[in-house]
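Notes follow once the structure below has been shown.
Protein chains: 2
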Amino acid sequence: MSASTYAQQHRDRFVEELKTLLRIPSVSTLPQHQDDVRRAAEWLLAHLRDLGMTAELIPLEGGHPIVYAQSLHLAGGPTVLFYGHYDVQPVDPVSEWTSPPFEPTLRGDDLYGRGASDDKGQVFGVIKALESFLRDEGRLPLNVKVLIEGEEEIGSPGISRWIERHARKVACDFAWVSDGQLYAKGLPCLVTGLRGLLYTEVEVRGPSHDLHSGQHGGAAPNPVNAVAAIIAGLKDRRGRVTIPRFYSAVREPSGEEKASWERLPFREEDYLRELGIPVSPGEQGYSILERRWARPTLDAHGIAGGWTGAGSKTVIPAKVVAKVSMRLVPDQRAKTILRAFEKKVSKLASPGVEVEVRELAGGDPVLISPTAAPVQAAMRVVREVWGADPVFVREGGSIPIVAKFDRVLKVPTVLFGFGLPDDNLHAPNEKFHLPNFHKGIETVIRWMERVGTK
Amino acid sequence: MSASTYAQQHRDRFVEELKTLLRIPSVSTLPQHQDDVRRAAEWLLAHLRDLGMTAELIPLEGGHPIVYAQSLHLAGGPTVLFYGHYDVQPVDPVSEWTSPPFEPTLRGDDLYGRGASDDKGQVFGVIKALESFLRDEGRLPLNVKVLIEGEEEIGSPGISRWIERHARKVACDFAWVSDGQLYAKGLPCLVTGLRGLLYTEVEVRGPSHDLHSGQHGGAAPNPVNAVAAIIAGLKDRRGRVTIPRFYSAVREPSGEEKASWERLPFREEDYLRELGIPVSPGEQGYSILERRWARPTLDAHGIAGGWTGAGSKTVIPAKVVAKVSMRLVPDQRAKTILRAFEKKVSKLASPGVEVEVRELAGGDPVLISPTAAPVQAAMRVVREVWGADPVFVREGGSIPIVAKFDRVLKVPTVLFGFGLPDDNLHAPNEKFHLPNFHKGIETVIRWMERVGTK
């Protein structure tokens, strides 16, 4: 037999097991689900041990544990590090779900449930590929380490620090992450770049206590007006971020990369319709895909403080806090940009207010060479399994762990997601297209055979 | 005897009656106090009828009733319209009160309780002046109309419209409003100007649904950034409002008025300390008092929508709503400024967003001539009773009803408040200095004698 045949024969059981995992409401952001998150970790631990892997739970201070497993039987053989996450997003608004979010339900070929695609379904697909080797052949074609975290939906704070301190434990030759989507149905993709993220809180303080705007308007500093001036001053009318030297480390995508994006089935009018907007504003001189994938940008997310209830309260609030983030691209560094951001914000502070910047999250951008051997191997395997040449794309979002693989472990990561663009991630009615589950397993099996030493 | 002697002899009972009124928690903004607001109105109605006045409750659609009373016994005699309000502010945070807000408590000469100064204590002082004439002399020295509303703390929406339609009912020769403070302890003041108010909501809509800022940042319009640009664009770096023709109707205060302000015991360092600010920003070339009293200005109060919770949610919200108000001065008109504001906001809207302006409250500014006969009479009487020449000041805040008296009834209003600047209006531990209560009653008595025909 072969691992592939084994996987074929156990399709139905794989789906039933996935349902069991999906029934555990491991919502990492909500305190009332702490025990459920732990339960999901323990379920995976038992499952991996049952397959014959050495596995453990690694506690993270004040957070959810990492599930770690390994099988290092090939002395000197290549080692792959698989990464995924077992935590899921909250389910609000629960009334918009057609079937209960934690009662996985099959409709047609789609399995509905929170976490079905992001990321339980995909990481479980990887585990089922491992099982197929272990149960069918008794061994894996290369050394394997598995890292499944429970804090991805809250920004991976614990594992990012953990990796810095335990680089030797997870040392490897390359990594594989399945936590994404095909570019379009029938069109698989491999991701060659992720933007970094610098997420801050800007606190602006004015008077020592809330003031009446009738009595003091015109003479008192107003933190709402001041924070508006700061946010507005961070971008110019042409959509460029005004922070000095913000763009100096930005690397232009290669002509080849840009040309490949132009061949993608991306239509501006579809994009505008999907977002419900008349035009796509932004930095002039760049295409929409370039602006989303290869250009850094700055977005404000909300402003707390002041009067936001009904009616007309005439208050000058003592302080407000704005959430402002920047997406970074190679070779920008979050730390460098943070310092330049702080300086610029101070300069934009109007007279009479004090400003403080706090970093809430930070992660560097990363590029993955499409010519790296494991990526090339993936390209060939994807073509075989999916019947289409994968396209090379970038992601506008950030997976901080991948930058750590690049920076700390100094290895390339294959980013191949087998969800679909309409999987409703982070939204009601999340689903997973089961044919993709099975093809995903087959993809991992063939890739392991190709990069392995068997 | 005389009305003044009567008032002296019944001092203690007056205070006990005021306490009864203060025990009614007539918080107009809170639905759970609807019945209490009504109870306060009925208590006043009965009280005024008991004094022999013709009195009624005037219902306002969807709001709290006006208490209206009159005594028009002098054919052809002058008529005064007294105005006040029986509703009070909420008491939050109630834990900061030393004694319960609705259990009036005497500490030294101060009576503590919500509404003690704003405005129950002051309007009740006016009623006690009327009683002193009616009980002692059996008649008032001039025709009197009394208008006590229950919606002042929610912006007087009902009574402003009501006055337009019932101008004949409340026709008078002049008005008197006691709903304010001395300039400082020992220094009474008469108010000669109030700023107007135009309070708006600016709604900015971007994408049709919330977006992930990683996936779309740089290509999607961001309503938070857009509203920041709008607010920032409404004022220039020198503190001037940028709305075209915003200042064209602004009337400079007379040299005499400005000179009188310079003689006030106002010290910039005290003001900065009181507000807890290092400098007072604002329009260049004007003193702090000018900027608070005689210059129009613009303040943003808060921005709703977007992510304001803990942590770092990377959302581009579909829409946000900002609260933005302008304080207006003579001869600006709220309606004219609203139109100019709407135009300017539209111009400031960045590509890809839609903007809508909603007016939440509006009231014109008003000037009162210090040489008007009833104001001159008040000046003399205040000097006698308080032992100090009153100063003429303006108020930065707005009392919309006074503009209506000016515009609709075409009469001057005497604005004499006998609270103190440290009465903790709208805050915990509101109090009323009882010696001022009694002096206030005496002031109203003597003023009525002076402007009356007796």
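Same order as they appear, the protein sequences are chains A and B.
Start counting the first sequence at 1; every next residue gets the next number (the numbering used here).
Start counting the second sequence at 1001; every next residue gets the next number (the numbering used here).
Built from N, CA and C at the ideal position, the CB exists for glycine as well.
At the C-beta level, residue 1391 of chain B and residue 1260 of chain B come within 9 Å of one another. Inclusion of residue 1282 of chain B and residue 219 of chain A in the CB contact set at 9 Å is warranted, their separation being smaller than that value. From the listed residues A:294, A:46 and A:30, the smallest Cα separation to residue 196 of chain A is found for A:294.
Inter-residue distance for residue 1207 of chain B and residue 401 of chain A is about 30 Å (C-alpha atoms, whole angstroms). The continuous stretches of alpha helix (DSSP H) do not include residue 99 of chain A, and DSSP gives it neither H nor E. Listed along the chain, the chain B residues whose CB falls inside 8 Å of the CB of residue 213 of chain A are 1299, 1301, 1325 and 1327. Shown here, residue 86 of chain A sits in coil according to DSSP, grouped into three states, outside any helix or strand.
Around the beta carbon of residue 1179 of chain B, a 10 Å sphere encloses 16 or more other beta carbons of the protein chains shown; the residue is thus reported as buried. If you look at residue 402 of chain A, you'll find it in the alpha helix (DSSP H) that goes 400-404.
Put simply, the backbone Cα of residue 111 of chain A is about 6 Å away from that of residue 105 of chain A. Residue range 1174-1177 is occupied by the beta strand (DSSP E) that includes residue 1176 of chain B. The three-state secondary structure of residue 1137 of chain B, taken from DSSP, is coil. By the C-beta density criterion, residue 265 of chain A is exposed, having fewer than 16 other C-beta atoms within 10 angstroms. The Cβ-Cβ distance between residue 158 of chain A and residue 60 of chain A falls below 9 Å. Rounded to the nearest whole angstrom, the C-alpha separation of residue 130 of chain A and residue 38 of chain A is 23 Å.
Secondary structure in the region 303-341 of chain A: the beta strand (DSSP E) runs of 3 residues or longer, each lying completely within the stretch, are 319-328 in chain order. Neighbours of residue 1208 of chain B in chain A, taken as residues at a C-beta separation under 8 Å, are given in chain order as 275, 276 and 277.
Along the region 147-207 of chain A, the alpha helix (DSSP H) occurs as fully enclosed runs of 4 or more residues at 157-165, listed in sequence order. Under DSSP, residue 432 of chain A shares a beta bridge with A:111. Counting only the Cα atoms, residue 1018 of chain B lies some 10 Å from residue 1024 of chain B. Using beta-carbon distances, residue 197 of chain A counts as an interface residue toward chain B, with a partner under 9 Å. Residue B:1378 holds the alpha-carbon nearest to the alpha-carbon of residue 1452 of chain B among B:1312, B:1313 and B:1378.
Contact note: residue 1315 of chain B reaches chain A through 301, using a C-beta cutoff of 7 Å and chain order. The beta carbon of residue 271 of chain A sits closer than 8 Å to the beta carbons of 280 and 288 from its chain, once the five residues preceding and following it are set aside; these are given in chain order. Judged by DSSP in its simplified three-state form, residue 1226 of chain B adopts helix. Interface residue (Cβ-Cβ distance to chain A less than 9 Å): residue 1413 of chain B is not classified as such. Per DSSP, residue 1277 of chain B lies in no beta strand (DSSP E) and is assigned neither H nor E. Judged by beta-carbon spacing, residue 1307 of chain B lies within the 9 Å limit of residue 301 of chain A, meaning their Cβ atoms are closer than that value. Each residue's CA atom was taken as its position, placing residue 1269 of chain B and residue 1278 of chain B some 9 Å apart.
Identification of chain B residues near residue 360 of chain A by a Cβ-Cβ cut-off of 8 Å yields 1311 and 1312, ordered along the chain. By alpha-carbon distance to residue 209 of chain A, the top candidate from A:292, A:305, A:160 and A:335 is A:305. Annotation: residue 71 of chain A is outside any alpha helix (DSSP H); the continuous beta strand (DSSP E) that includes it extends over 66-71. A distance below 8 Å between beta-carbons, with the five flanking residues on each side excluded, links residue 184 of chain A to the following residues of its chain, in chain order: 265 and 421. Residues 69 and 71 of the same chain have their beta carbon placed closer than 6 Å to that of residue 53 of chain A, with the five preceding and five following residues left out of the count. Given a length threshold of 4 residues, each whole run of the alpha helix (DSSP H) inside the region 19-68 of chain A is given here in chain order: 34-50. In this structure, DSSP gives residue 1357 of chain B an extended state, which the three-state scheme calls strand.
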